[in-house]
Amino acid sequence: MSQDHVSSEEGVTDAQIFAAHVSNLADAFWWQIDALLEVTDAALPEIEKLDSSHKVMSSVSRLTSSLTEESREKLKAAFWKCEERQQSDGSPSFMESMWEEVKAEPWGPTFMMHLHEALQRPPRAPMFLQSTTVSAVSAFEVLLSGLASQYFTVTPQALDAASRDKEKEFSLRELKELGSIADAIDMIIERRVDELMFGSFSDWRKFFLDRMKLKFEDFAIDWEALKEVFQRRHVIVHNGGLASRRYVRNVAPRFAADIKEGAYLRVDPSYVNKAASELLAFGFLLATAMGRKLAKEYSEFFLNQLQKFTYRNLVKGRYEVVDKCSAYGESVSIDMSAQLIFRVNRWIARQRLNDAAVRAEVEDWDVRALSPRFQLAKHCLLGEVDPAMTLLRSLYSMGEIGFEDIIEWPLLEPLRGSDAYVAMTRTMEIPEGWHLSEVILHENPKTKTLHSRTCSLVQSNFRRKTIDQIDPSTALLCKRCKPSLTR
(Lines of atoms letter the chains of each structure in order from A and count residues from 1; the text may use other names and numbers.)
(Lines give C-alpha, C1' and ligand atoms only; values in the text may rest on other atoms or scores of the structure.)
Protein backbone atom coordinates (compact mmCIF):
# COMPACT_ATOMS: atom_id res chain seq x y z
CA MET A 1 0.00 0.00 0.00
CA SER A 2 1.38 3.36 -0.95
CA GLN A 3 1.79 5.71 1.97
CA ASP A 4 1.73 8.79 -0.24
CA HIS A 5 -1.46 8.17 -2.17
CA VAL A 6 -4.22 10.62 -1.26
CA SER A 7 -7.88 9.67 -1.57
CA SER A 8 -10.61 11.75 -3.11
CA GLU A 9 -11.29 13.21 0.34
CA GLU A 10 -8.84 16.09 0.60
CA GLY A 11 -6.05 15.45 3.07
CA VAL A 12 -7.15 11.92 3.94
CA THR A 13 -4.81 9.14 2.84
CA ASP A 14 -5.71 5.58 1.95
CA ALA A 15 -3.71 4.52 5.01
CA GLN A 16 -5.89 6.63 7.29
CA ILE A 17 -9.08 5.25 5.78
CA PHE A 18 -7.79 1.70 6.07
CA ALA A 19 -6.73 2.21 9.70
CA ALA A 20 -10.13 3.66 10.57
CA HIS A 21 -12.00 0.80 8.90
CA VAL A 22 -9.94 -1.93 10.58
CA SER A 23 -10.20 -0.21 13.96
CA ASN A 24 -13.97 0.12 13.59
CA LEU A 25 -14.28 -3.54 12.63
CA ALA A 26 -12.28 -4.59 15.70
CA ASP A 27 -14.30 -2.35 18.02
CA ALA A 28 -17.63 -3.57 16.62
CA PHE A 29 -16.53 -7.17 17.16
CA TRP A 30 -15.37 -6.39 20.70
CA TRP A 31 -18.64 -4.70 21.66
CA GLN A 32 -20.71 -7.48 20.14
CA ILE A 33 -18.93 -10.14 22.17
CA ASP A 34 -19.20 -7.87 25.20
CA ALA A 35 -22.95 -7.52 24.66
CA LEU A 36 -23.39 -11.28 24.25
CA LEU A 37 -21.66 -11.93 27.56
CA GLU A 38 -23.66 -9.23 29.35
CA VAL A 39 -26.94 -10.61 27.99
CA THR A 40 -25.89 -14.12 29.02
CA ASP A 41 -25.09 -13.02 32.57
CA ALA A 42 -28.41 -11.19 32.88
CA ALA A 43 -30.66 -13.73 31.16
CA LEU A 44 -29.28 -17.06 32.36
CA PRO A 45 -30.59 -16.86 35.96
CA GLU A 46 -34.11 -16.23 34.65
CA ILE A 47 -33.83 -18.99 32.06
CA GLU A 48 -32.62 -21.43 34.70
CA LYS A 49 -35.66 -20.58 36.81
CA LEU A 50 -37.88 -21.72 33.96
CA ASP A 51 -35.98 -25.00 33.83
CA SER A 52 -36.10 -25.70 37.57
CA SER A 53 -38.63 -28.25 38.82
CA HIS A 54 -40.28 -25.94 41.34
CA LYS A 55 -41.08 -23.47 38.55
CA VAL A 56 -43.17 -25.88 36.48
CA MET A 57 -46.29 -24.03 37.47
CA SER A 58 -45.08 -20.95 35.60
CA SER A 59 -45.30 -22.97 32.38
CA VAL A 60 -49.05 -23.37 32.79
CA SER A 61 -49.74 -19.86 34.03
CA ARG A 62 -52.11 -19.12 31.14
CA LEU A 63 -54.40 -21.92 32.21
CA THR A 64 -54.28 -21.14 35.93
CA SER A 65 -55.04 -17.46 35.32
CA SER A 66 -58.52 -18.48 34.09
CA LEU A 67 -59.29 -20.47 37.23
CA THR A 68 -61.12 -19.19 40.28
CA GLU A 69 -59.12 -18.27 43.35
CA GLU A 70 -60.39 -21.39 45.11
CA SER A 71 -59.31 -23.64 42.21
CA ARG A 72 -55.87 -22.02 42.06
CA GLU A 73 -55.33 -22.61 45.75
CA LYS A 74 -56.47 -26.21 45.35
CA LEU A 75 -54.08 -26.71 42.44
CA LYS A 76 -51.20 -25.13 44.33
CA ALA A 77 -51.79 -27.39 47.33
CA ALA A 78 -51.98 -30.44 45.05
CA PHE A 79 -48.75 -29.50 43.33
CA TRP A 80 -46.71 -29.25 46.54
CA LYS A 81 -48.36 -32.34 47.97
CA CYS A 82 -47.34 -34.39 44.93
CA GLU A 83 -43.78 -33.10 45.04
CA GLU A 84 -43.42 -34.08 48.69
CA ARG A 85 -44.94 -37.48 48.02
CA GLN A 86 -42.58 -38.10 45.11
CA GLN A 87 -39.55 -37.51 47.34
CA SER A 88 -40.55 -40.34 49.69
CA ASP A 89 -39.72 -43.98 48.86
CA GLY A 90 -42.30 -46.03 47.01
CA SER A 91 -44.38 -43.06 45.87
CA PRO A 92 -45.99 -43.05 42.42
CA SER A 93 -44.66 -40.76 39.70
CA PHE A 94 -45.34 -37.06 39.86
CA MET A 95 -47.80 -37.21 36.96
CA GLU A 96 -49.72 -40.11 38.50
CA SER A 97 -49.95 -38.31 41.83
CA MET A 98 -51.10 -35.10 40.19
CA TRP A 99 -53.78 -36.90 38.16
CA GLU A 100 -55.19 -38.41 41.33
CA GLU A 101 -55.45 -34.94 42.83
CA VAL A 102 -57.09 -33.12 39.90
CA LYS A 103 -59.02 -35.73 37.88
CA ALA A 104 -62.30 -34.92 39.61
CA GLU A 105 -62.02 -31.21 38.75
CA PRO A 106 -63.65 -29.88 35.55
CA TRP A 107 -60.38 -28.25 34.59
CA GLY A 108 -58.27 -31.31 35.56
CA PRO A 109 -57.86 -32.96 32.11
CA THR A 110 -56.90 -29.66 30.42
CA PHE A 111 -54.42 -28.90 33.18
CA MET A 112 -52.80 -32.32 32.81
CA MET A 113 -52.41 -31.81 29.06
CA HIS A 114 -50.60 -28.48 29.60
CA LEU A 115 -48.48 -29.90 32.41
CA HIS A 116 -47.39 -32.83 30.25
CA GLU A 117 -46.36 -30.44 27.49
CA ALA A 118 -44.40 -28.28 29.93
CA LEU A 119 -42.53 -31.26 31.37
CA GLN A 120 -41.69 -32.64 27.92
CA ARG A 121 -40.27 -29.37 26.68
CA PRO A 122 -36.44 -29.53 26.51
CA PRO A 123 -34.46 -27.38 28.97
CA ARG A 124 -34.04 -23.82 27.77
CA ALA A 125 -30.60 -23.03 29.23
CA PRO A 126 -28.63 -25.43 26.98
CA MET A 127 -30.39 -24.08 23.89
CA PHE A 128 -29.67 -20.51 24.96
CA LEU A 129 -26.00 -21.24 25.61
CA GLN A 130 -25.62 -23.07 22.31
CA SER A 131 -27.14 -20.07 20.52
CA THR A 132 -24.78 -17.74 22.34
CA THR A 133 -21.79 -19.81 21.22
CA VAL A 134 -22.98 -19.74 17.61
CA SER A 135 -23.56 -15.97 17.83
CA ALA A 136 -20.04 -15.41 19.16
CA VAL A 137 -18.50 -17.36 16.28
CA SER A 138 -20.74 -15.51 13.82
CA ALA A 139 -19.46 -12.19 15.22
CA PHE A 140 -15.91 -13.35 14.50
CA GLU A 141 -16.89 -14.35 10.96
CA VAL A 142 -18.24 -10.84 10.36
CA LEU A 143 -14.91 -9.44 11.57
CA LEU A 144 -12.93 -11.84 9.37
CA SER A 145 -15.03 -10.98 6.33
CA GLY A 146 -14.46 -7.27 6.93
CA LEU A 147 -10.71 -7.73 7.36
CA ALA A 148 -10.49 -9.74 4.12
CA SER A 149 -12.40 -7.03 2.29
CA GLN A 150 -10.02 -4.36 3.62
CA TYR A 151 -7.04 -6.47 2.56
CA PHE A 152 -8.21 -6.62 -1.05
CA THR A 153 -9.10 -2.93 -0.99
CA VAL A 154 -5.60 -1.80 -0.01
CA THR A 155 -3.75 -4.46 -2.04
CA PRO A 156 -5.62 -4.46 -5.39
CA GLN A 157 -2.82 -6.45 -6.98
CA ALA A 158 -4.03 -9.41 -4.91
CA LEU A 159 -7.18 -9.45 -7.04
CA ASP A 160 -5.10 -10.73 -9.94
CA ALA A 161 -4.58 -14.01 -8.10
CA ALA A 162 -6.33 -16.96 -9.67
CA SER A 163 -9.89 -17.58 -8.55
CA ARG A 164 -12.08 -20.57 -9.25
CA ASP A 165 -13.68 -18.78 -12.17
CA LYS A 166 -10.99 -16.35 -13.25
CA GLU A 167 -11.52 -16.85 -16.97
CA LYS A 168 -15.17 -15.82 -16.60
CA GLU A 169 -14.91 -13.06 -14.02
CA PHE A 170 -17.86 -11.15 -15.50
CA SER A 171 -20.71 -12.12 -17.76
CA LEU A 172 -21.68 -9.87 -20.67
CA ARG A 173 -24.81 -8.80 -18.78
CA GLU A 174 -22.73 -7.83 -15.75
CA LEU A 175 -20.31 -5.84 -17.88
CA LYS A 176 -23.22 -3.86 -19.30
CA GLU A 177 -24.63 -3.18 -15.84
CA LEU A 178 -21.34 -2.09 -14.24
CA GLY A 179 -21.08 1.68 -14.18
CA SER A 180 -17.32 2.05 -13.64
CA ILE A 181 -14.04 0.32 -12.94
CA ALA A 182 -14.62 1.01 -9.24
CA ASP A 183 -17.90 -0.93 -9.40
CA ALA A 184 -16.09 -3.82 -11.09
CA ILE A 185 -13.41 -3.84 -8.38
CA ASP A 186 -16.04 -3.82 -5.63
CA MET A 187 -17.76 -6.81 -7.24
CA ILE A 188 -14.50 -8.74 -7.55
CA ILE A 189 -13.65 -8.03 -3.89
CA GLU A 190 -17.10 -9.22 -2.83
CA ARG A 191 -16.62 -12.44 -4.76
CA ARG A 192 -13.13 -13.06 -3.38
CA VAL A 193 -14.41 -12.52 0.16
CA ASP A 194 -17.39 -14.82 -0.43
CA GLU A 195 -15.02 -17.51 -1.73
CA LEU A 196 -12.92 -17.18 1.40
CA MET A 197 -15.83 -17.23 3.84
CA PHE A 198 -17.32 -20.35 2.25
CA GLY A 199 -14.08 -22.11 3.13
CA SER A 200 -13.07 -23.73 6.40
CA PHE A 201 -11.15 -22.38 9.36
CA SER A 202 -8.05 -23.98 7.82
CA ASP A 203 -8.69 -22.04 4.60
CA TRP A 204 -8.92 -18.80 6.57
CA ARG A 205 -5.68 -19.60 8.36
CA LYS A 206 -3.94 -20.29 5.05
CA PHE A 207 -5.24 -17.03 3.54
CA PHE A 208 -3.78 -14.85 6.31
CA LEU A 209 -0.54 -16.82 6.37
CA ASP A 210 0.02 -16.78 2.60
CA ARG A 211 -1.15 -13.22 1.96
CA MET A 212 0.08 -11.37 5.07
CA LYS A 213 2.45 -13.77 6.86
CA LEU A 214 0.17 -13.69 9.90
CA LYS A 215 0.00 -16.96 11.83
CA PHE A 216 -3.31 -17.63 13.52
CA GLU A 217 -1.51 -19.56 16.25
CA ASP A 218 0.27 -16.40 17.38
CA PHE A 219 -3.00 -14.69 18.32
CA ALA A 220 -4.77 -17.48 20.22
CA ILE A 221 -4.80 -17.88 23.99
CA ASP A 222 -5.00 -21.64 23.52
CA TRP A 223 -4.71 -22.69 19.88
CA GLU A 224 -6.29 -26.11 20.29
CA ALA A 225 -9.15 -24.67 22.37
CA LEU A 226 -9.80 -22.01 19.72
CA LYS A 227 -10.03 -24.63 16.97
CA GLU A 228 -12.41 -26.65 19.12
CA VAL A 229 -14.77 -23.65 19.35
CA PHE A 230 -15.17 -23.61 15.57
CA GLN A 231 -15.69 -27.37 15.49
CA ARG A 232 -18.26 -27.06 18.28
CA ARG A 233 -20.12 -24.36 16.37
CA HIS A 234 -20.33 -26.67 13.34
CA VAL A 235 -21.69 -29.50 15.49
CA ILE A 236 -24.34 -27.24 17.07
CA VAL A 237 -25.54 -25.85 13.75
CA HIS A 238 -25.38 -29.01 11.64
CA ASN A 239 -25.66 -31.92 14.06
CA GLY A 240 -27.91 -30.77 16.88
CA GLY A 241 -25.04 -30.58 19.35
CA LEU A 242 -24.10 -34.26 18.91
CA ALA A 243 -20.44 -35.05 18.32
CA SER A 244 -19.81 -35.91 14.70
CA ARG A 245 -17.04 -38.07 13.26
CA ARG A 246 -15.47 -34.84 11.96
CA TYR A 247 -15.49 -33.31 15.44
CA VAL A 248 -13.88 -36.34 17.10
CA ARG A 249 -11.26 -36.52 14.36
CA ASN A 250 -10.37 -32.81 14.19
CA VAL A 251 -10.22 -31.66 17.83
CA ALA A 252 -7.22 -32.18 20.11
CA PRO A 253 -7.10 -35.45 22.09
CA ARG A 254 -7.84 -33.65 25.35
CA PHE A 255 -11.25 -32.63 23.96
CA ALA A 256 -12.07 -35.95 22.30
CA ALA A 257 -10.64 -38.35 24.90
CA ASP A 258 -13.99 -39.26 26.48
CA ILE A 259 -16.22 -38.29 23.55
CA LYS A 260 -17.74 -40.82 21.18
CA GLU A 261 -19.49 -40.08 17.93
CA GLY A 262 -23.13 -39.21 18.67
CA ALA A 263 -22.45 -38.05 22.24
CA TYR A 264 -24.13 -34.83 23.31
CA LEU A 265 -21.63 -31.97 23.70
CA ARG A 266 -22.78 -30.00 26.71
CA VAL A 267 -22.42 -26.22 26.57
CA ASP A 268 -22.44 -24.63 30.02
CA PRO A 269 -21.76 -21.05 31.17
CA SER A 270 -18.10 -21.86 31.79
CA TYR A 271 -17.69 -23.08 28.22
CA VAL A 272 -19.39 -19.98 26.78
CA ASN A 273 -17.12 -17.65 28.77
CA LYS A 274 -14.04 -19.59 27.74
CA ALA A 275 -15.07 -19.65 24.07
CA ALA A 276 -15.90 -15.93 24.09
CA SER A 277 -12.50 -15.13 25.64
CA GLU A 278 -10.71 -17.20 23.00
CA LEU A 279 -12.57 -15.47 20.18
CA LEU A 280 -12.25 -12.02 21.72
CA ALA A 281 -8.47 -12.13 22.11
CA PHE A 282 -7.93 -13.87 18.78
CA GLY A 283 -10.14 -11.53 16.76
CA PHE A 284 -8.85 -8.28 18.25
CA LEU A 285 -5.19 -9.32 18.00
CA LEU A 286 -5.66 -10.48 14.40
CA ALA A 287 -7.15 -7.12 13.45
CA THR A 288 -4.37 -5.29 15.32
CA ALA A 289 -1.62 -7.31 13.63
CA MET A 290 -3.17 -6.85 10.19
CA GLY A 291 -3.52 -3.10 10.74
CA ARG A 292 0.12 -2.80 11.79
CA LYS A 293 1.22 -4.96 8.86
CA LEU A 294 -0.55 -3.06 6.10
CA ALA A 295 -0.38 0.45 7.59
CA LYS A 296 3.02 0.53 9.29
CA GLU A 297 2.80 4.29 9.81
CA TYR A 298 -0.24 3.66 12.06
CA SER A 299 1.38 0.97 14.16
CA GLU A 300 1.32 3.17 17.27
CA PHE A 301 -2.38 3.94 16.70
CA PHE A 302 -3.25 0.24 16.67
CA LEU A 303 -1.18 -0.41 19.78
CA ASN A 304 -2.98 2.43 21.56
CA GLN A 305 -6.26 0.78 20.62
CA LEU A 306 -4.98 -2.54 21.93
CA GLN A 307 -3.98 -0.84 25.18
CA LYS A 308 -7.53 0.48 25.66
CA PHE A 309 -8.96 -2.93 24.81
CA THR A 310 -6.63 -4.63 27.29
CA TYR A 311 -7.46 -2.22 30.09
CA ARG A 312 -11.24 -2.51 29.65
CA ASN A 313 -11.00 -6.30 29.74
CA LEU A 314 -8.84 -6.06 32.84
CA VAL A 315 -11.59 -4.04 34.51
CA LYS A 316 -14.13 -6.69 33.48
CA GLY A 317 -11.99 -9.48 34.91
CA ARG A 318 -11.17 -11.27 31.65
CA TYR A 319 -7.68 -12.09 32.78
CA GLU A 320 -6.77 -14.67 30.14
CA VAL A 321 -7.62 -12.14 27.43
CA VAL A 322 -5.48 -9.52 29.17
CA ASP A 323 -2.58 -11.94 29.64
CA LYS A 324 -2.49 -12.82 25.94
CA CYS A 325 -3.04 -9.32 24.55
CA SER A 326 -0.60 -7.67 26.95
CA ALA A 327 2.10 -10.19 26.06
CA TYR A 328 1.63 -9.37 22.38
CA GLY A 329 1.55 -5.62 23.02
CA GLU A 330 4.73 -5.68 25.08
CA SER A 331 6.56 -7.80 22.48
CA VAL A 332 5.87 -5.44 19.57
CA SER A 333 5.95 -2.03 21.28
CA ILE A 334 8.97 0.16 20.64
CA ASP A 335 8.14 2.84 23.20
CA MET A 336 9.36 1.82 26.67
CA SER A 337 6.41 3.40 28.47
CA ALA A 338 3.96 1.41 26.32
CA GLN A 339 5.94 -1.77 27.00
CA LEU A 340 5.75 -1.18 30.74
CA ILE A 341 2.01 -0.48 30.70
CA PHE A 342 1.40 -3.76 28.89
CA ARG A 343 3.75 -5.53 31.32
CA VAL A 344 2.02 -4.16 34.41
CA ASN A 345 -1.43 -5.07 33.08
CA ARG A 346 -0.18 -8.55 32.34
CA TRP A 347 1.25 -8.90 35.84
CA ILE A 348 -2.11 -7.88 37.31
CA ALA A 349 -3.89 -10.47 35.15
CA ARG A 350 -1.41 -13.20 36.01
CA GLN A 351 -1.76 -12.44 39.71
CA ARG A 352 -5.53 -12.84 39.39
CA LEU A 353 -4.89 -16.16 37.61
CA ASN A 354 -2.79 -17.25 40.63
CA ASP A 355 0.56 -17.24 38.82
CA ALA A 356 3.04 -17.51 41.68
CA ALA A 357 5.96 -16.49 39.45
CA VAL A 358 4.74 -12.89 39.26
CA ARG A 359 6.03 -11.82 42.67
CA ALA A 360 9.65 -12.66 41.91
CA GLU A 361 9.45 -10.85 38.57
CA VAL A 362 8.03 -7.72 40.22
CA GLU A 363 10.60 -7.80 43.02
CA ASP A 364 13.38 -7.83 40.39
CA TRP A 365 11.83 -4.85 38.56
CA ASP A 366 14.01 -1.75 39.01
CA VAL A 367 11.71 1.29 39.09
CA ARG A 368 14.13 3.84 40.56
CA ALA A 369 14.54 5.70 37.26
CA LEU A 370 10.89 5.37 36.24
CA SER A 371 7.94 7.68 36.79
CA PRO A 372 6.05 7.58 40.12
CA ARG A 373 3.14 5.77 38.41
CA PHE A 374 5.37 2.74 37.83
CA GLN A 375 6.75 2.98 41.34
CA LEU A 376 3.14 2.94 42.55
CA ALA A 377 2.50 -0.11 40.37
CA LYS A 378 5.35 -2.03 41.99
CA HIS A 379 4.13 -1.26 45.50
CA CYS A 380 0.58 -2.34 44.61
CA LEU A 381 1.70 -5.55 42.91
CA LEU A 382 3.69 -6.45 46.02
CA GLY A 383 0.82 -5.50 48.35
CA GLU A 384 2.83 -2.73 50.04
CA VAL A 385 -0.13 -0.59 51.12
CA ASP A 386 1.54 2.23 53.11
CA PRO A 387 4.12 3.35 50.51
CA ALA A 388 1.54 2.84 47.76
CA MET A 389 -0.95 5.14 49.51
CA THR A 390 1.73 7.80 50.02
CA LEU A 391 2.45 7.80 46.28
CA LEU A 392 -1.23 7.66 45.37
CA ARG A 393 -2.08 10.73 47.43
CA SER A 394 0.84 12.61 45.90
CA LEU A 395 -0.11 11.66 42.32
CA TYR A 396 -3.74 12.61 42.91
CA SER A 397 -2.84 16.01 44.38
CA MET A 398 -0.63 16.74 41.34
CA GLY A 399 -3.38 15.69 38.93
CA GLU A 400 -1.33 12.76 37.60
CA ILE A 401 -4.07 10.32 38.65
CA GLY A 402 -7.75 11.15 38.46
CA PHE A 403 -10.98 10.21 40.18
CA GLU A 404 -11.78 7.46 37.67
CA ASP A 405 -8.35 5.84 38.09
CA ILE A 406 -8.73 5.71 41.86
CA ILE A 407 -12.18 4.14 41.91
CA GLU A 408 -11.70 1.80 38.92
CA TRP A 409 -8.04 0.97 38.28
CA PRO A 410 -7.61 -2.76 39.01
CA LEU A 411 -4.00 -2.12 40.05
CA LEU A 412 -5.28 -0.38 43.20
CA GLU A 413 -7.33 -3.37 44.37
CA PRO A 414 -4.86 -4.21 47.19
CA LEU A 415 -5.41 -0.71 48.62
CA ARG A 416 -9.20 -0.69 48.62
CA GLY A 417 -10.67 -1.35 52.00
CA SER A 418 -7.66 0.03 53.86
CA ASP A 419 -8.34 2.90 56.25
CA ALA A 420 -6.02 5.19 54.28
CA TYR A 421 -7.79 4.50 50.99
CA VAL A 422 -11.26 5.02 52.47
CA ALA A 423 -10.12 8.26 54.13
CA MET A 424 -8.73 9.49 50.82
CA THR A 425 -11.84 8.74 48.76
CA ARG A 426 -14.01 10.60 51.25
CA THR A 427 -12.09 13.79 50.52
CA MET A 428 -12.28 13.40 46.73
CA GLU A 429 -14.65 15.47 44.64
CA ILE A 430 -16.62 13.66 41.96
CA PRO A 431 -16.06 15.07 38.43
CA GLU A 432 -18.74 16.85 36.45
CA GLY A 433 -20.88 14.49 34.40
CA TRP A 434 -20.53 11.57 36.79
CA HIS A 435 -23.27 12.29 39.24
CA LEU A 436 -26.93 11.41 39.36
CA SER A 437 -28.99 13.93 41.26
CA GLU A 438 -30.43 11.40 43.68
CA VAL A 439 -27.05 10.11 44.90
CA ILE A 440 -25.04 13.34 45.08
CA LEU A 441 -24.90 15.71 48.03
CA HIS A 442 -23.09 19.05 48.36
CA GLU A 443 -20.83 19.75 51.34
CA ASN A 444 -20.29 23.20 52.83
CA PRO A 445 -16.46 23.49 53.03
CA LYS A 446 -16.66 25.47 56.28
CA THR A 447 -19.36 23.72 58.31
CA LYS A 448 -19.15 20.29 56.60
CA THR A 449 -22.96 20.33 56.43
CA LEU A 450 -24.42 18.22 53.61
CA HIS A 451 -27.13 19.58 51.32
CA SER A 452 -29.22 18.13 48.51
CA ARG A 453 -28.45 19.35 45.00
CA THR A 454 -31.58 21.52 44.88
CA CYS A 455 -31.11 23.15 48.29
CA SER A 456 -31.20 26.95 48.10
CA LEU A 457 -28.18 27.16 50.43
CA VAL A 458 -25.84 25.38 47.97
CA GLN A 459 -23.08 27.64 46.61
CA SER A 460 -20.57 27.20 43.80
CA ASN A 461 -17.69 26.42 46.17
CA PHE A 462 -19.53 23.50 47.84
CA ARG A 463 -17.96 20.07 47.28
CA ARG A 464 -19.87 17.31 45.53
CA LYS A 465 -20.03 14.06 47.49
CA THR A 466 -21.27 10.62 46.52
CA ILE A 467 -23.16 8.52 49.06
CA ASP A 468 -20.21 6.14 49.25
CA GLN A 469 -17.93 8.99 50.31
CA ILE A 470 -20.06 9.88 53.35
CA ASP A 471 -19.83 8.33 56.81
CA PRO A 472 -23.48 8.22 58.03
CA SER A 473 -22.42 8.10 61.67
CA THR A 474 -20.72 11.52 61.56
CA ALA A 475 -22.56 13.28 58.72
CA LEU A 476 -24.09 16.71 59.38
CA LEU A 477 -27.31 17.07 57.37
CA CYS A 478 -28.97 20.32 56.36
CA LYS A 479 -32.13 20.87 58.42
CA ARG A 480 -33.77 22.81 55.61
CA CYS A 481 -33.55 20.31 52.71
CA LYS A 482 -33.13 17.19 54.88
CA PRO A 483 -31.08 15.13 52.38
CA SER A 484 -31.24 11.34 52.45
CA LEU A 485 -28.16 9.14 52.78
CA THR A 486 -29.84 6.26 50.97
CA ARG A 487 -29.91 5.69 47.23
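Start counting at 1 in the sequence shown, then tack on 304, and there's your number in my numbering.
Yeah, the Cβ is synthetic: ideal placement off N, Cα and C, and Gly gets one too.
These numbers were taken from a predicted model, which means no experiment stands behind them.
Quiz item: What are the boundary residues of the beta strand (DSSP E) that S756 is part of?
Solution: Position 452 of the sequence shown holds residue 756. Looking at the DSSP string, the run of the beta strand (DSSP E) that includes S756 is T753 to S756.
Quiz prompt | Beta-carbon spacing of P714, G687 below 7 Å | solution = Walking along the sequence shown from the start, residue 714 turns up at place 410. Walking along the sequence shown from the start, residue 687 turns up at place 383. Not closer than 7 Å, so no.
Quiz item: Just how far apart, CA to CA, sit Q773 and R730?
Solution: Sequence index remark: in the sequence shown, residue 773 carries index 469 (1-based). Sequence index remark: in the sequence shown, residue 730 carries index 426 (1-based). Rounded to whole angstroms, the gap between the alpha carbons of Q773 and R730 is 4 Å.
Quiz item: Can you tell me where the alpha helix (DSSP H) with K682 in it begins and where it stops?
Solution: Taking the sequence shown and counting its residues from 1, the one referred to as residue 682 is at position 378. For K682, the enclosing alpha helix (DSSP H) covers residues P676 to L685.
Quiz item: Which term fits E521, buried or exposed, when burial requires 16 or more other beta carbons within 10 angstroms of its beta carbon?
Solution: Looking up residue 521 in the sequence shown gives position 217. Exposed, since its Cβ has fewer than 16 Cβ neighbours within 10 Å.
Quiz item: Where does the unbroken beta strand (DSSP E) through T770 begin, and where does it stop?
Solution: Position 466 of the sequence shown, counted from the start, is the residue given in the question as residue 770. For T770, the enclosing beta strand (DSSP E) begins and ends at R767 to T770.
Quiz item: What separation, rounded to the nearest whole angstrom, lies between the Cα atoms of H358 and W384?
Solution: The residue given as residue 358 occupies position 54 in the sequence shown. The residue given as residue 384 occupies position 80 in the sequence shown. Bear in mind that the predicted position of H358 carries a pLDDT of just 47, short of 50, making it unreliable; the figure below should be weighed with that in mind. Going by the C-alpha atoms only, they are around 9 Å apart.
Practice problem: Note down, in chain order, each residue of its chain lying with its Cβ closer than 6 Å to the Cβ of H325, except the 5 sequence neighbours on either side. | Solution: Counting from 1 along the sequence shown, the entry for residue 325 is found at position 21. Only Q454 meet the Cβ criterion.
Self-check item: Inter-residue Cα distance where the pair is R468 and R654
Solution: On the sequence shown, position 164 is the one that residue 468 refers to. On the sequence shown, position 350 is the one that residue 654 refers to. Caution applies to R468, whose pLDDT of 47 falls short of 50 and renders its modelled position unreliable; the model cannot decide the point.
Quiz item: Between which two residues does the alpha helix (DSSP H) harbouring I710 extend?
Solution: Taking the first residue of the sequence shown as position 1, residue 710 is located at position 406. From DSSP, the alpha helix (DSSP H) with I710 extends over F707 to E712.
Quiz item: Taking DSSP as the reference, what is the three-state secondary structure of T317?
Solution: Taking the first residue of the sequence shown as 1, we reach residue 317 at position 13. T317: strand per DSSP, three-state reduction.
Practice problem: Please work out which residues of its chain come closer than 6 Å, Cβ to Cβ, to F606, disregarding the five sequence neighbours upstream and downstream, and give them in chain order. | Solution: Residue 606 sits at position 302 when you count from the first residue of the sequence shown. Excluding positions up to five away in sequence, the list reads T592, G595 and R596.
Quiz item: How about A792 and E601: do their beta carbons lie closer than 7 Å?
Solution: In the structure displayed, the chain extends from 305 to 791; residue 792 sits before or after that span and is not available.
Self-check item: Which of helix, strand or coil DSSP assigns to I744
Solution: Here residue 744 corresponds to residue number 440 of the sequence shown, with the count starting at 1. Judged by DSSP in its simplified three-state form, I744 adopts strand.
Self-check item: Three-state class that DSSP yields for L789 in the structure shown
Solution: Along the sequence shown, one-based indexing puts residue 789 at 485. L789: coil per DSSP, three-state reduction.
Quiz prompt | For L799, three-class secondary structure by DSSP | solution = With the chain covering 305 to 791 only, the question about residue 799 has no answer from this structure.
Self-check item: Span separating the alpha-carbon of S506 from that of S630
Solution: Sequence index remark: in the sequence shown, residue 506 carries index 202 (1-based). Sequence index remark: in the sequence shown, residue 630 carries index 326 (1-based). When only Cα atoms are considered, S506 and S630 end up about 26 Å apart.
Self-check item: DSSP-derived helix/strand/coil call for L371
Solution: As a first step, residue 371 is located in the sequence shown; it is residue number 67 there, counting from the start. Looking at L371 - three-state DSSP - the assignment turns out to be coil, as it is neither helix nor strand.
Quiz item: Contact check, S756 vs L745 under 8 Å by CB: the rounded distance?
Solution: Taking the sequence shown and counting its residues from 1, one reaches residue 756 at position 452. Taking the sequence shown and counting its residues from 1, one reaches residue 745 at position 441. 6 Å between Cβ atoms; contact.
Self-check item: Counterpart residues of L781 in DSSP-defined beta bridges
Solution: Translated into the one-based positions of the sequence shown, residue 781 becomes position 477. The partner list for L781 (beta bridge, DSSP) reads L754.
Quiz item: By the 10 Å Cβ neighbour count, where 16 or more other Cβ atoms means buried, how is S401 classified, buried or exposed?
Solution: Along the sequence shown, read from residue 1 onward, the residue named residue 401 stands at position 97. If you draw a 10 Å sphere on the C-beta of S401, you find 16 or more other C-beta atoms in it, and that means buried.
Quiz item: Shortest alpha-carbon distance to A443 belongs to which of S581, I734 and V726?
Solution: To locate residue 443, count along the sequence shown from 1; it is residue 139. Put simply, of S581, I734 and V726 the residue whose alpha carbon is nearest the alpha carbon of A443 is S581.
Practice problem: Write down the C-beta distance between K531 and V555 rounded to the nearest angstrom, noting that I regard them as a contact closer than 8 Å. | Solution: In the sequence shown, counting from the first residue as 1, residue 531 sits at position 227. In the sequence shown, counting from the first residue as 1, residue 555 sits at position 251. Correct: roughly 7 Å between the Cβ atoms.
Practice problem: Mind checking which residues open and close the alpha helix (DSSP H) that includes A443? | Solution: In the sequence shown, counting from the first residue as 1, residue 443 sits at position 139. In the DSSP annotation of this structure, the continuous segment of the alpha helix (DSSP H) that includes A443 starts and ends at R428 to V458.
Quiz item: What are the residues that DSSP puts in a beta bridge with Y568?
Solution: Indexing the sequence shown from 1 puts residue 568 at position 264. Residue pairing by DSSP places Y568 opposite L546 in a beta bridge.
Quiz item: Is it a yes or a no for the segment 530-546 touching the segment 572-591, going by three-plus beta-carbon pairs under 8 Å?
Solution: Touching, per the Cβ criterion.
Self-check item: Residue closest to P413, alpha-carbon to alpha-carbon, out of Y700, S449, W651 and M399
Solution: Start at 1 with the first residue of the sequence shown, and residue 413 comes out as number 109. Out of Y700, S449, W651 and M399, the CA that lies nearest to the CA of P413 is found in M399.
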